[in-house]
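A.B. asks: Its first residue numbered 1, the sequence shown is counted upward by one per residue in my numbering.
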Amino acid sequence: MAVTVDDLNPTGTTELERILFDVTDHVATITLNRPERLNATDDTARTELGVAWARIRQDENIRVAIITGAGDRAFCAGQDIRATSEKGIRNKVPGSRLHHQVWKPVICALNGMVVGGGLHQVADSDLIIAAEHAELIDTHLMVGNVFAMEPTVLLRRMPISMVMQLALMTKDGRISAQRAYQIGLVNEVVPADRLQSRAREIALQIAKLSPGTTQASIRAMWTSLDVGLAASHDVAYRYVLQHQLQHPDYHEGMRAFAEKREPRWAAS
Numbered sequence: 001m002a003v004t005v006d007d008l009n010p011t012g013t014t015e016l017e018r019i020l021f022d023v024t025d026h027v028a029t030i031t032l033n034r035p036e037r038l039n040a041t042d043d044t045a046r047t048e049l050g051v052a053w054a055r056i057r058q059d060e061n062i063r064v065a066i067i068t069g070a071g072d073r074a075f076c077a078g079q080d081i082r083a084t085s086e087k088g089i090r091n092k093v094p095g096s097r098l099h100h101q102v103w104k105p106v107i108c109a110l111n112g113m114v115v116g117g118g119l120h121q122v123a124d125s126d127l128i129i130a131a132e133h134a135e136l137i138d139t140h141l142m143v144g145n146v147f148a149m150e151p152t153v154l155l156r157r158m159p160i161s162m163v164m165q166l167a168l169m170t171k172d173g174r175i176s177a178q179r180a181y182q183i184g185l186v187n188e189v190v191p192a193d194r195l196q197s198r199a200r201e202i203a204l205q206i207a208k209l210s211p212g213t214t215q216a217s218i219r220a221m222w223t224s225l226d227v228g229l230a231a232s233h234d235v236a237y238r239y240v241l242q243h244q245l246q247h248p249d250y251h252e253g254m255r256a257f258a259e260k261r262e263p264r265w266a267a268s
């Protein structure tokens with residue numbers, strides 16, 4: 001049966017047109033599903049992504065998310081320039097997890113090239129697994145757009161010289177999956193036919209961890225990037241102390257270890 005926006009959000013009634021959404025074994029998978037347009041995003045796609053992230057954020061059954069693209073040519077070609085030139089942009093909210101306050105672990109599985117606005121998904125993910133043929137490209141400057149939103153996070157994950165290469169050298173500045181791995185942006189590079197299974201393998205391992213502890217850790221790490229070193233220590237300590245004082249998994253994890261049994265984690 002087709003998944004609809006209504007399944008993700010009770011206020012919606014429209015069948016999904018731009019993405020596929022699946023939840024199995026506590027893992028949600030978002031698939032950008034416009035292979036004929038290289039999975040480029042338009043207003044409809046950004047709206048559907050926002051609804052999907054809201055479902056991931058709110059559903060306690062979901063512990064980990066994977067975002068990937070349909071086909072093997074492109075993860076996401078960024079903003080659909082043709083649609084924008086004809087109709088403009090009504091939904092200006094990027095469809096990536098940080099913009100929707102999702103603190104559950106997110107794995108980005110790069111199944112091909114990622115261009116322009118598609119870099120939001122890469123920059124905002126916690127782990128990035130890339131197929132061997134995947135590559136990063138930016139064309140903002142070629143079409144008269146300012147390259148600024150994506151770099152706000154990319155500059156925290158890779159050298160400024162590499163971000164400048166993407167921006168100023170446009171298509172000639174593309175970064176291969178292997179180069180992205182070398183500079184620490186990508187966690188693993190795998191053969192294309194292993195990409196989805198490897199992403200899911202990692203997701204299932206993460207799903208065994210305490211959901212509450214995992215989300216607090218991720219939120220603390222991302223939040224610490226907003227401030228300087230001294231203040232980041234305060235941010236980190238606040239999350240650690242809050243978890244120790246308020247969350248049952250803090251004691252359950254240590255009891256399970258001492259008793260040599262599997263932990264029984266709280267739902268969130």
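For each residue, glycine too, the CB sits at the ideal point set by N, CA and C.
#1: Where do the ends of the beta strand (DSSP E) carrying I218 lie?
#2: Beta-carbon within less than 8 Å of I62's beta-carbon, same chain only, minus the 5 sequence neighbours each way: which residues are those?
#3: Can you list, in chain order, the residues of its chain with a C-beta nearer than 6 Å to that of E188? Leave out the 5 residues immediately preceding and following it.
#4: Assign V102 to one of three DSSP states: helix, strand, or coil.
#5: Would S96 and Q79 qualify as a contact pair, given that the criterion is a beta-carbon distance under 7 Å?
#6: For the ligand MN, I want to know if V64 counts as a neighbour, meaning its beta carbon is within less than 6 Å of at least one of the ligand's heavy atoms.
#7: Using alpha carbons as the reference points, say which of G212, D226, T31, P151 lies closest to L271.
#8: So is E259 buried or exposed if we call it buried at 16+ other beta carbons inside 10 Å?
#9: Please work out which residues of its chain come closer than 7 Å, Cβ to Cβ, to D249, disregarding the five sequence neighbours upstream and downstream, and give them in chain order.
#10: Kindly indicate which residue of K171, A134, E201 has the alpha-carbon position closest to the one of A180.
#11: Go through its chain and collect everything with a Cβ distance to S217's Cβ below 8 Å, but skip five positions before and after it.
#12: Identify every run of the alpha helix (DSSP H) within the region 152 to 198, keeping only runs that are complete inside it and at least 4 residues long; order them along the chain.
#13: With which residues is I128 paired in a DSSP beta bridge?
#14: For M142 and S268, what's the separation of their Cα atoms in angstroms?
#15: Where do the N-terminal and C-terminal ends of the beta strand (DSSP E) with G144 fall, by residue?
#16: Using the Cα positions of V190 and A131, report the straight-line distance between them to the nearest angstrom.
#17: Identify, in the order they occur along the chain, each residue of the same chain with its Cβ nearer than 6 Å to the Cβ of A220, setting aside the five sequence neighbours on each side.
#18: What number of angstroms, rounded off, separates the C-alpha of L185 from the C-alpha of L16?
#19: Excluding sequence positions up to five away, which residues of its chain have a Cβ less than 6 Å from the Cβ of A256?
#20: Okay, do the region 193 to 211 and the region 158 to 173 touch, 3+ Cβ pairs below 8 Å being the bar?
#21: Please state the DSSP three-state secondary structure of A52.
C.D. replies: This is what the structure gives:
#1: Here I218 belongs to no beta strand (DSSP E); instead the alpha helix (DSSP H) covers 211 to 224.
#2: Taking I62 as the centre and dropping the five residues before and after it, the same chain places the C-beta of V23, H26, V27, A28, R55, I56, K104 closer than 8 Å to its C-beta, in chain order.
#3: Within the same chain, E188 has close Cβ partners I129.
#4: V102 falls in the coil class under three-state DSSP.
#5: It is not a contact, given that the beta carbons lie outside the stated cut-off.
#6: Questions concerning the ligand MN fall outside what the structure shown contains, since it holds no ligand whatsoever.
#7: The chain is shown only over 1 to 268; residue 271 falls outside these bounds and no answer can be derived.
#8: Its Cβ having fewer than 16 others within 10 Å, E259 is exposed.
#9: Within the same chain, and ignoring the five residues on either side of D249 in sequence, the residues whose Cβ sits closer than 7 Å to its Cβ are S210, G212, T213, W265, A266.
#10: Of the candidates K171, A134, E201, the residue whose Cα lies closest to the Cα of A180 is A134.
#11: Sequence-distant partners of S217 (beyond 5 residues in either direction) whose C-beta falls short of 8 Å from its own C-beta, in its chain, are Y239.
#12: Complete alpha helix (DSSP H) runs here, min 4: 160 to 168, 177 to 182.
#13: In the DSSP output, where bridge partners are listed per residue, I128 has C108.
#14: Roughly 45 Å between the two C-alpha positions.
#15: That residue, G144, is in no beta strand (DSSP E); it is neither H nor E in DSSP.
#16: The straight-line gap from Cα to Cα measures roughly 5 Å.
#17: Answer for A220: A236, Y239, listed in chain order.
#18: Using only the alpha carbons, I get a separation of about 31 Å.
#19: For A256, where only same-chain residues beyond five positions count, the Cβ hits under 6 Å are P263.
#20: The answer is no - the region 158 to 173 does not touch the region 193 to 211, with fewer than three Cβ pairs under 8 Å.
#21: DSSP, read as helix, strand or coil, puts A52 in helix.
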